[in-house]
Each structure stands twice: as structure tokens, then as C-alpha cells.
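Worksheet: one structure, shown below.
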Amino acid sequence: MSDRTGDGGDVGHVSLVGSGPGDPELLTVKARRLLDEADVVLHDKLPGPDIISLVPEDRREDVGKRAGGEWTPQEYTNRRLVELAREGKHVVRLKGGDPFVFGRGGEEMEHLASEGVPFEVVPGVTSAIAGPAVAGIPVTHRDHASSVSFVTGHEDPTKEESAVDWDALAATGGTIVVLMGVGKLPAYSAELRSAGLDPETPVALVERATWPGMRVATGTLETIVDVRDEAGIEPPAITVVGDVAATRDRVRAFLRSGYETEVGEGR
Ligand code: SAH
Numbered sequence: 157m158s159d160r161t162g163d164g165g166d167v168g169h170v171s172l173v174g175s176g177p178g179d180p181e182l183l184t185v186k187a188r189r190l191l192d193e194a195d196v197v198l199h200d201k202l203p204g205p206d207i208i209s210l211v212p213e214d215r216r217e218d219v220g221k222r223a224g225g226e227w228t229p230q231e232y233t234n235r236r237l238v239e240l241a242r243e244g245k246h247v248v249r250l251k252g253g254d255p256f257v258f259g260r261g262g263e264e265m266e267h268l269a270s271e272g273v274p275f276e277v278v279p280g281v282t283s284a285i286a287g288p289a290v291a292g293i294p295v296t297h298r299d300h301a302s303s304v305s306f307v308t309g310h311e312d313p314t315k316e317e318s319a320v321d322w323d324a325l326a327a328t329g330g331t332i333v334v335l336m337g338v339g340k341l342p343a344y345s346a347e348l349r350s351a352g353l354d355p356e357t358p359v360a361l362v363e364r365a366t367w368p369g370m371r372v373a374t375g376t377l378e379t380i381v382d383v384r385d386e387a388g389i390e391p392p393a394i395t396v397v398g399d400v401a402a403t404r405d406r407v408r409a410f411l412r413s414g415y416e417t418e419v420g421e422g423r
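The following block contains the structure:
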């Protein structure tokens, strides 16, 4: 609902809301309420079809990939958020997972602040933890991993000034969770091996976690690229590298996630 200023202008506000990984039951209670209350919801495809369809079409705008495959420029989204708020609207900016985990939510928040638009942040269940979890993979485990790193696979890890230090990650001995890591899997799996990780290190790919048609494919640092290709794994998917990825195999017979419709086998 909008804040009424009483001085001629109705000042709206923006809620930066995490949608969780895609299952509507993993929306927070607050996110669910805000989706009902908002005048308009700006979203991309990442919240998934089940959650997006909770919002009537005349109350939502897609600011994700356009028909031609081009991304809506971030500047447009920023501008649109400010414009709608200045019209007095309560705007929900719905972001997949948690708004501040690789979602450019931080940039959007700073833009709103710099334009003097009031906002709130509503955390969400990040796919980085929930994706592995529903596949039977705990990102930490007392026996197997005492740390976890969340990294982007999107950039080219061979470029000189890579922001991701794969050598340092390999040295942690902990779990490595890669987001946006389907396309560059061959590059960073090779980087991790040359950084000294055992080629037998378990790796899992969790595709469309908690969406209809979720799939999980497992392999090792050595086999995972072939596994990806054979199963045809596509974004959005989470890559989990580390001993915890093998937990799935030990528990799978009893795992009742209710999500998977298909399973890729890597080993
Ligand atoms: N803010 C999001 C991440 C945005 S970056 C979050 O917290 O989850 C986009 C990447 O997130 C995708 O490339 C993929 O790696 C991951 N991702 C998001 N939702 C996913 C899902 N339902 N299943 C698998 N991966 C997902």
C-alpha cells in the first residue's frame, strides 16, 4: 500500500522480494502477502512459472529476457521501479531466490536510495542452499565440509583478472556452490582440477530446483561435463562441488522431495 504524503504527491515504495527457488510453498509468508498487496510486480523468469502465475497478468511486468533473447537492460528496470513508485504505486520487485545473492538486488537498492525512493528488503530462500537441499545434499556437513563458498560461474575463469579465485576456493577444502555455472562448467571444472582438487571429487547439478520438471545429475570433476551434455542440463542450475555432493547417493532411496520427474545419472 502506498504512503500518502498529503502534500500533493503520493509516494509509493518498492519491496525487493526474494521468491525462493520456485516452489510457491517456499515463498515466505511475507513475500506471499506482498504479492497479493502490490499494485505492480516486476519480475523476470527466475521465480519460476508457478510463482509468477500467482500474480494476475494485469498486475505484473516481465523485465527479464525479451522475445529476441535479449535481456532488458538493468537501467530500464531501475528507471521503471522509480517511475512506478513516483506514481504512488507499491511496487514489488520479485527476484528469484534471495534478492541479494547474485541477483543485482544490491544495485537496485542503491539506485532506489539515490533516487530517494523508500524501499524494504524481503529475504528469500536462496537456490544456492535450497537447490542442493532438495536433492539430498547438505551444503555443510560435520564430516565432509566445514565451509561453503557461493560463486558465480558466469565469467570466464581463464581471463586474467577473474574475480573468482578458483585456486583459493580449491584450497578451502569446503563445498563450492556455483550459480550461473552451466555454460562455463568445462572451464571451471578444469581450473579446480589444476588447482589440485581430486578428479574423483563428487559434483552434482541441480536443474530447475523445486520447479516442475526438476532434474539432478551427478558425476565427478572428471565426468561432470559429459554428464551435463548427456543429460542436456540447462540453466537455471546449481553446481555443487565437494564431498557433500555424494551424500545424495547415500540417502536417495528414501528421499521424498516430491519434485523430481527425471534423474540424470553420472556414475
Ligand atoms: N538470487 C538467486 C540467484 C540469481 S543468479 C538466488 O538466490 O537463488 C541466477 C542463478 O541462480 C541461476 O543461473 C542458477 O544457477 C541459480 N538458480 C536460481 N533459481 C534456481 C533454481 N530454481 N534451480 C536451480 N538453479 C537456480
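Under this note's numbering, the residues of the sequence shown are numbered 157 to 423, in order. The beta-carbon is built from N, C-alpha and C at its ideal position, and this holds for glycine as well.
- Here Ala-409 is exposed, its C-beta having fewer than 16 other C-beta atoms within 10 Å.
- With a cutoff of 6 Å, Asp-254 counts as near the ligand SAH, since its C-beta is closer than that to a heavy atom of the ligand.
- Judged by DSSP in its simplified three-state form, Met-370 adopts strand.
- Contact annotation: Val-257 and Ala-286 have beta-carbon atoms that are not nearer than 7 Å.
- Close CB contacts of Thr-228 within its chain, under the 7 Å cut and outside five residues either way in sequence, are with Val-219, Gly-220, Arg-222 (chain order).
- A residue is called buried when at least 16 other Cβ atoms come within 10 angstroms of its Cβ; Val-185 does not meet this threshold and is exposed.
- Around the Cβ of Asp-254, a 10 Å sphere holds 16 or more other Cβ atoms; the residue is buried.
- Around the beta-carbon of Ala-269, fewer than 16 other beta-carbon atoms lie within 10 Å, marking it exposed.
- If you draw a straight line from the Cα of Thr-328 to the Cα of Gly-352, it is about 11 Å long.
- Following the DSSP letters along the chain, one finds Ile-285 inside the alpha helix (DSSP H) bounded by residues 283–290.
- Non-local C-beta neighbours of Leu-183 in its own chain, meaning closer than 7 Å and more than five positions away in sequence, comprise Ser-175, Gly-176, Ile-207, ordered along the chain.
- At a cut-off of 6 Å, the beta-carbon of Arg-364 counts as near the ligand SAH: some heavy atom of the ligand is closer than that.
- Under DSSP, Asp-218 takes part in a beta bridge, and its partners are His-199.
- Leu-361 and Tyr-344 have their C-alpha atoms roughly 14 Å apart.
- Under the DSSP assignment, Ala-360 falls in the beta strand (DSSP E) whose first and last residues are 358–363.
- Runs of the alpha helix (DSSP H) spanning 4 or more residues and lying entirely within the region 207–266 occur at 230–242, in chain order.
- No heavy atom of the ligand SAH is found nearer than 6 Å to the CB of Ser-345.
- Bounds of the alpha helix (DSSP H) holding Thr-403 are 403–407.
- In this structure Arg-406 is exposed. Its beta-carbon is surrounded by fewer than 16 other beta-carbon atoms within 10 angstroms.
- At least one heavy atom of the ligand SAH is found less than 6 Å from the C-beta of Pro-177.
- Collapsing the DSSP output to three states places Val-333 in a strand.
- By the Cβ-count criterion, Arg-384 is buried, with 16 or more other Cβ atoms from all chains shown falling within 10 Å of its own Cβ.
- Excluding sequence positions up to five before and after His-169, its CB lies within less than 8 Å of the CB of Ser-158, Asp-159, Ala-241, His-246, Val-247, Val-273, Pro-274, Phe-275, Glu-276, all in the same chain and listed in chain order.
- Boundaries of the beta strand (DSSP E) around Glu-276: 275–278.
- Taken from the Cβ of Thr-282, at least one heavy atom of the ligand SAH lies inside 6 Å.
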